[in-house]
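*Asks:*
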Amino acid sequence: MTRREARAAREANGAGENGDAQQAVPHEDVRAPEAEQRDALDRLDFDAVITGPIARVEQPEPERETVGAAVRHGADDFEADHPARALFGALDSEPAGDDPAPPTGESPLAWRQQNYLSHEEPKRKRRWIKPLVVVVVILAVLGGMVGAAYSIFQPQVAQLVNALTPKDDDYPGDGTGEVMFSIVSGDTGSDIATNLHKAGVTKSYDAFYTLLLRQKPEPEFQPGVFKLKKQMSANAALVALQDTANRVENTAVIPEGTAEADVLQTVADATKIPLADLQAAAATPADYGVPAEAKTLEGFLFPATYTFPPGITAHDAIKTMVDRMFQSLDAAGVAPANRWNTIVLASIVQREAGLKDDYPKVARVFLNRLDQGWDLQSDATVAYGTGNTHRVETTDAERADASNPYNTYVHPGLPVGPISNPGDLAINAVVHPADGPWMFFVTWNLQTGETIFSTTEAEHEAAVAKWQQWMKDNPGYE
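For the sequence shown, my numbering gives the first residue as 1264, with consecutive numbering after it.
(1) List the whole-angstrom C-beta distance separating A1643 from E1615, where the pair is believed to meet the contact cut-off of C-beta under 8 Å.
(2) Take the Cβ of A1470 as the centre, count every other Cβ of all protein chains shown within 10 Å, and call the residue buried at 16 or more, exposed below.
(3) Count Cβ pairs between the segment 1595 to 1614 and the segment 1700 to 1707 that sit closer than 8 Å; are there 3 or more?
(4) Tell me, to the nearest whole angstrom, how far the beta carbon of V1447 is from that of P1518; I am working on the premise that it is less than 8 Å.
(5) Please identify the residue among K1558, A1546, Y1551, Q1590 whose C-alpha is closest to the C-alpha of A1260.
(6) Are there 16 or more other CB atoms within 10 angstroms of the CB of M1734, so buried, or fewer, so exposed?
(7) Does DSSP put F1351 in a helix, a strand or coil?
(8) Going by DSSP, which residues form a beta bridge with V1705?
(9) Taking all protein chains shown into account, do 16 or more other C-beta atoms lie within 10 angstroms of the C-beta of D1621, making it buried, or fewer, making it exposed?
(10) With H, G and I counted as helix, E and B as strand and the rest as coil, what does DSSP make of A1598?
(11) The alpha helix (DSSP H) with I1455 in it runs from where to where?
(12) Quick check on R1627: buried or exposed, where buried means 16 or more other Cβ atoms within 10 Å of its Cβ?
(13) Return the bridge partner residues of G1487 from the DSSP annotation.
(14) Below 8 Å on the Cβ atoms is my guess for N1691 versus A1600; work out the distance and round it to an integer in Å.
(15) For the alpha helix (DSSP H) that contains A1728, what are its first and last residues?
(16) So for Y1569, helix, strand or coil by DSSP?
(17) Check whether the Cβ of Q1542 lies closer than 8 Å to any heavy atom of the ligand GDP, and answer yes or no.
(18) Leaving out the 5 sequence neighbours to the left and right, which residues in its chain are closer than 6 Å to A1577 when beta-carbon positions are compared?
(19) Tell me which residue opens and which closes the beta strand (DSSP E) that T1514 is part of.
(20) Please classify G1648: does DSSP put it in a helix, a strand, or coil?
(21) Identify whether A1481 lies in helix, strand or coil by the three-state DSSP scheme.
(22) How far does the alpha helix (DSSP H) with V1530 in it reach, from first residue to last?
(23) Give the single residue among K1729, K1461, T1714 whose Cα lies nearest to the Cα of G1617.
(24) Helix, strand or coil for G1406, going by three-state DSSP, please let me know.
(25) Which stretch, first to last residue, makes up the alpha helix (DSSP H) that contains F1471?
(26) How long is the line joining the alpha carbons of D1579 and S1445, rounded to whole angstroms?
(27) Three-state secondary structure (DSSP) at E1661?
(28) T1576 by DSSP, collapsed to three states: which one?
(29) Going along the chain, which residues of its own chain have a beta-carbon closer than 6 Å to the beta-carbon of L1560, five neighbours each way excluded?
(30) Between A1531, K1492, K1479, which lies nearest to V1442 when the distance is taken from Cα to Cα?
(31) Please state whether the Cβ-Cβ distance between V1655 and A1663 is less than 9 Å.
(32) Once you ignore the five residues that flank H1674 on each side, which residues in its own chain have a CB closer than 8 Å to its CB?
(33) Rounded to whole angstroms, how far is the Cβ of G1438 from the Cβ of Q1505, which I believe are closer than 8 Å?
(34) Beta carbon of P1435, beta carbon of N1513: below 9 Å?
(35) Which first and last residues belong to the alpha helix (DSSP H) in which A1499 is found?
(36) Can you tell which of S1717, T1657, Q1485 has the C-alpha that lies nearest to the C-alpha of R1632?
In structure tokens:
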């Protein structure tokens, strides 16, 4: 309420008390409530109520009592009919709740106008949701792009990581101790890398083989025995194998399945013993204690790596190999009376079998055929009888040649003698053959040595067709 209205109210009260003013004739106000609200708004002093804090008049204030309903008495009666009550009555009637009370000595209305009707704009709440969604979307898109790029370029990334990541697959230095390492004729670089790792010379297959592939021109390895060391670096091992000074003299490497003629040539090359001397010494098999059935030393020259002392004679060199074969037969439990048949069959198994696990199966096939009176039909025996000691394949004409005493297609039972010098694996396969009803076998993949074992002739013919197709697909294979 403005000062003008308050003064008018006091004058009206004063006139009623003194009886000087005439009593107004009562009448009924029939204006609509909307009109009353407009009149109330017209009488408000918006300069004081709306536009800012109310200016306080410095007047001495009466002593205040405790705020309460009893203290307000006349003020409540007055404000009940005042037009401003319609607008601000809600403020007075709100429950206190958490609303703080005005400071002592300050008008409640002025305090509320100061605190609730200020022109200061409320501080806007920071909106974090929208920026957060944008960031999440951006990260998701970037993550998808990175994932797609990695899936496409993963091989290249893996190669780069491998190239930048040092590998602990090689020993440092030149190694320690001593290892006698053998290289057999026909060994590939991969074979040498495998054998070096198995012998404890290099730390891994990859260390040596990867180094070998980087060499230009490609190194050539000579068969023989080399004096190496344990735990050598791949580079040190490669250099040592290329150095002829590390090649042990008088060392002969005899692979399993080698024929007598090739064994004598290898020993002659290693020991410098004339080949003629070795052939002459081998011409009298009885001098070495072999079975009486033996017309040659074929089958009794054990395949191994031999280091012969300087100046050894032809007879002593041969005797060393024969004695070693007797040791192997004894270790397998072969009685002297059974040495001949065991060596003959083992020599065939040695030439016919490919993979290590197939040796006992091949032995079982030949034993099954012998038990049922079937011909052995071994191509290896036919080839040996023609003078071919390096291949197994034969022709139709060779298989039909009855003049070949080693032809097991036309001559029943075992051949007249061994066709190679078998090793421990073949000997033990004959002594301990696998169990099975197989009557046929065909090594259909000559590169991998994969073999098919069959029981019926129909199964065997299908396996032969598979081998023939492989031969057509590999015309240059020898």
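For every residue, glycine included, the Cβ atom is placed at its ideal position computed from N, Cα and C.
Predicted model only: the values in this text are computed from it and were never measured.
*Replies:* According to the data block:
(1) 5 Å
(2) buried
(3) no
(4) 5 Å
(5) Any property of residue 1260 remains undetermined from this structure, which presents the chain solely from 1264 to 1741.
(6) exposed
(7) Low confidence applies to F1351: its pLDDT is 46, below 50, so where it sits in the model is not reliable enough to give any reading.
(8) I1715
(9) buried
(10) coil
(11) 1452 to 1461
(12) buried
(13) I1446
(14) Not quite, the Cβ-Cβ distance comes to about 19 Å (not below 8 Å), so this is no contact.
(15) 1720 to 1736
(16) strand
(17) Although the ligand GDP was asked about, the structure shown includes no ligands whatsoever.
(18) I1536, D1540, L1541, A1544
(19) 1514 to 1516
(20) helix
(21) Per the sequence shown, the amino acid found at residue 1481 is Glu instead of Ala. The answer is coil: DSSP assigns E1481 none of H, G, I, E or B.
(22) 1523 to 1534
(23) T1714
(24) helix
(25) 1468 to 1476
(26) 22 Å
(27) helix
(28) coil
(29) E1523, A1545, P1548
(30) K1492
(31) no
(32) D1638, A1665, P1668
(33) In fact, because the Cβ distance is near 16 Å, the residues do not count as touching under 8 Å.
(34) no
(35) 1497 to 1505
(36) S1717
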